[in-house]
Amino acid sequence: MNRNRTVERSTDRRGRVLLLRVLFVVLLSLIIAPDPAVAEGEDSGPSELAAMPIEDLMGVEVSTVLGASRYEQRVSDAPASISIITSQDIKRYGYRTVADVLNSVPGLYVTYDRNYRYLGAGGFLRQGDYNTRMLLLVDGHRMNNNIYDTAAVGNDLILDLDLVDRIEVIRGPGSSLYGSNAFFGVINLITKGAKHVNGLELSAEAGSFDANKQRATFGRTFGNGLEMLLSATRYNSRGQSLYYKEYDSPATNSGWSDGNDYEGYSSFFTNFKISGLDVQAAYGSRTKGIPTGAWGTVFNDDRTKSTDAQGYIDVRYRRTFRDNQDLSVRVFYDYYRYDGKYLFDYPPLTMNRDLAVGKWWGTEAFYKTRIGNRHTVIAGLEYRDNLVQQQKNYDDSPYAVYLDDNRGSYSVGVYAQGEFIVSDRVLLNLGARYDHYKDFSGRLNPRAALIWNPMEKTTVKLIYGEAYRIPNAYELYYTDGNVTQGANPGLDPETIRTYELVLEKYVKDFRLCLSGFYYDVENLISQQSDAAGLMVFANTGRAEGKGIQFEMERKWPNGFSGKFSYSFQEVTSNQDGVGFANFPKHLAKFNAFGPIIRNWLGAGLEIQYASSQKNLNSTSDGGYTLVNATLLAEKIFRNLDLSFSVYNVLDKKYSNPASREHVQSDIEQDGRTFRLKATYRF
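The sequence shown maps to residues 0 to 681 in numbering that gives the first Met the number 0.
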C-alpha cells in the first residue's frame, strides 16, 4: 500500500469531519436563533402568513425565475431545482466572475488550467470539454458559440459581472425548451436595466499581480419611455511566476514560468428598450498567456497565448394581447473568433496558429397564453443558421497548412409546454421539443414534473427529463495534422435521462431543500488517446450518475444572512464501474453576511470544501478548504461604494486535475490574493 496516499486520504477525512462539525454548530445556531421580531413579541397571525407567497415568507429578494419555462413564474412552481444569486450577493462576497458565483452554488464545481475555467455539475466534468454540457444565456440569448459550444464563465465571458442583476441556475435537462447543450442545466444571466444605474457609474479595481480593472456605465430612462444603457470595461493583469516540477531542468528555467500568466480583456455592452422593442448588443476580446507548456509548446515563452473574441446583436419585440396572451419575436446575429498562438521547437522554433471563426444568425417566435385562470401553455419555433464554421491550423514560417475546414449547418426546433393546475395542491408540468439538424437525425426531448404542496410552505417536486448534445465542429473535424490531435467525423450525439426528487420547506425566513438525482448518459463523448497516441473525441459508452444535495438558508430582518449546502455525487462508467476523474464526491459550502455599522458597513464570509478527486493518472489530488472574506462599505458620501476582498485567506496550497494536453497531472491554483474595488455614481 502507498503510505503517502493512505496519509492523504486520512488527512482528507479528518479535514472533512472537522469542517462539517464546525458548520453543523454554526447552522444549528442559524436554525434555533430567535427571530428578532418574534423576540419583541410581534405576531403576524396564522391567517396572514398563510396568504403570503412561499418566497415572501422567507424574505427572498427574488421570488420568480424566467429561464425554467421561458416565462416568469414562482420558483416553487418551476419544473426544476433552482438557485438564484442576486447582484447584492455578488457585492457582498466579492465575486469577480461568473465562475466565482457558480463555485458558490450547491452541487457545482469549477476548475482552472491557467487558461480557461471549466464548469462541472452533477459530479460530471470531463477533461477536454469546454463547458459544452451547460447552456449559458444572457437575457435568454444563447452564448455557446458554434465551434466549441463553449459556455464561457471566466474572463472570456464578454459580459461584465457588474452588469448582472441576477443569475438563475436551473438544474437538470433543459433540452425540452432549449435544444442541444442544455444537458445538465441552464444558466441564465439577467442584466441590469437603465433604471438600475440612472446616471453615470465609474468603477476601478486593483488586485494581486498588478491586476487592474476599469468600467464606465451610463444608464437613463427618457421621457418618451426609451431606456438606454451603455457600458465599457477594461482589465489587465501581469499574472504570477509559476513553478512546475515537470520542467525542473536548467534548459527550462529550472521549472519556473515567468511572465507568461498574463491576461487582458476589454468588453462593450449596450441595451435599448422602448414600447416592447428590446435591442441588445455586446462585444468583447480577451487574451491569455499560457504558462503551463500545454500541447508540448516551448516552456517559459510568452509568445504562446490564446485570444477569444465574441459579439452579438439581439433584437426582440414583445407584445401582450388581451385575454392573457403574449407574443415575442427575436432575431439575432453572433460572431466568434479564436486565435491561438503556439510556439513549438520542431526544430527550428516555429509558431503554430489555430484559427476558428464562427458566424451564425437565427430567429425565434414564442407564444404564451392562459387557459382560464388555472393553466398556462407556451409554444415556440426556433431556427439557427450557422453561416461559417471555420477551423484552420498552420505554421507561420515556413508556411504549412495542416487543417483548413470551412463548413455550414442549420437547425430547426419546435417546442411546447403546459402548466396545469390539477388541484389547489397539485401542479403538473409537461413539455417537449423536437429538433432537426442538417447532419444529424431529429431529436425529441420531453420533460415532466409533478409539483405537490402536501402542507403549508412545503413543496415536493418529482421531475423526469431527457436531453441531448450534438457533437460540435471542434470535436468532429479538428486536427493539427495528426501531431497531437485527430478528427472523428463519425461521432454520434450523446443523450441523458434524468430523475430527480426535490423537497423544499419554508418557515418564515428559513428555507430548507433536500434533493436526490439519478441520470444515465448514453453515447458519452470523451477525449481519449488512440493507438497512435493522438487525442481523439469518441463515443465511449454509458455513464451513470447519482447524488444527494442538502441546502439551508436563513435571513434575519436585521440584515444577517447565512446559507449552507452539502452535496454528494458520484459518476461511474457502465462498462467497468470505475468512477470518473476530475470531480470531488463531496462538496460543502457556507456563506454568511452581517452588518457591522448600521446599513453601510458589512462583512461577508465564504467557506468552500471539496474532497479529494482523481486525476488522469488515477492518483488523487487531496481535498481542500478555502476561505474567502469581503468587507463592503456602501453609499459612503452618498454615492461611493468600497470593498476589500481576500481570497484563499489561509493561503491553502491546492491543485486541480490537468487535462491531456498538459505534461502536469495537476495544475496548482492561486494562493492568497486580494482585490480593492471602488464604485462611484454621478
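Every residue, glycine too, gets a C-beta built ideally from N, C-alpha and C. Just so it is clear, the structure is predicted and the values come from calculations on it, not from any experiment.
Looking at Ala308, Thr291, Gly357, the one whose alpha-carbon comes closest to that of Leu342 is Thr291.
Between Val648 and Val662, the C-beta gap is not smaller than 8 Å, which leaves the two residues out of contact. Counted as a single uninterrupted DSSP element, the alpha helix (DSSP H) harbouring Lys194 occupies residues 193-196. Counting the other CB atoms within 10 Å of its CB gives Met454 a total below 16, which places it among the exposed residues.
DSSP, reduced to helix, strand and coil, places Phe419 within a strand of the structure shown. With a contact defined as Cβ atoms closer than 8 Å, Gln668 and Tyr111 qualify at about 6 Å. A direct Cα-Cα distance of roughly 16 Å separates Asn197 from Ser86.
Per the C-alpha coordinates, the member of Ala181, Asn385, Lys562, Ala293 positioned closest to Gln607 is Lys562. For Gly489 and Ser617, the gap between their C-alpha atoms comes out near 29 Å. Pairing Glu262 with Arg116, the inter-Cα distance amounts to about 13 Å. Asn557 and Asn130 have their C-alpha atoms roughly 39 Å apart.
Here Asp434 is bridged, per DSSP, to Gly412, Arg442. The region 119-133 and the region 76-86 do not touch, with fewer than three beta-carbon pairs separated by less than 8 Å. Taking C-beta atoms as the reference points, Asn143 and Leu134 count as a pair closer than 8 Å.
Counting along the chain, Asn385 sits inside the beta strand (DSSP E) bounded by residues 374-394. By the C-beta criterion, the region 177-190 is judged not to be in contact with the region 293-307, since fewer than 3 inter-stretch pairs fall below 8 Å.
DSSP, read as helix, strand or coil, puts Val662 in coil. In the structure shown, the three-state DSSP call for Gly407 is strand. Taking C-beta atoms under 8 Å as the contact rule, Arg237 and Phe208 qualify, at a distance of about 6 Å. Exposure of Ile635 is indicated by the presence of fewer than 16 other C-beta atoms within 10 angstroms of its C-beta. In the DSSP assignment, the residues bridged to Pro594 are Gly601.
Under the 10 Å beta carbon count, Trp359 is surrounded by 16 or more other beta carbons and is classified as buried. Boundaries of the alpha helix (DSSP H) around Gln87: 86-91. Leu631 places its beta carbon 8 Å or farther from that of Gly593. When DSSP reads this structure, Glu363 sits in a beta bridge with Arg329, Glu381.
As computed with DSSP, Gln548 is found in a beta bridge with Ser514, Ser566.
A check of alpha carbon separations from Val482 across Ala280, Arg315, Asn392, Gly339 identifies Asn392 as the nearest. Note that the C-beta distance between Pro78 and Ile495 is not below 8 Å. According to DSSP, Thr220 shares a beta bridge with Glu226. Thr149 carries a coil assignment under DSSP once its states are collapsed to helix, strand and coil.
When only Cα atoms are considered, Gly480 and Tyr401 end up about 5 Å apart. In this structure, DSSP gives Gly295 a helical state, which the three-state scheme calls helix. For Ala472, there is no enclosing beta strand (DSSP E); the enclosing alpha helix (DSSP H) covers residues 472-476. Under DSSP, Gln72 forms a beta bridge with Val64. Here Thr286 is not near Leu228, since their CB atoms are 8 Å or more apart. Taking all protein chains in view, the Cβ of Asn145 is crowded by 16 or more other Cβ atoms within 10 Å, so the residue is classified as buried.
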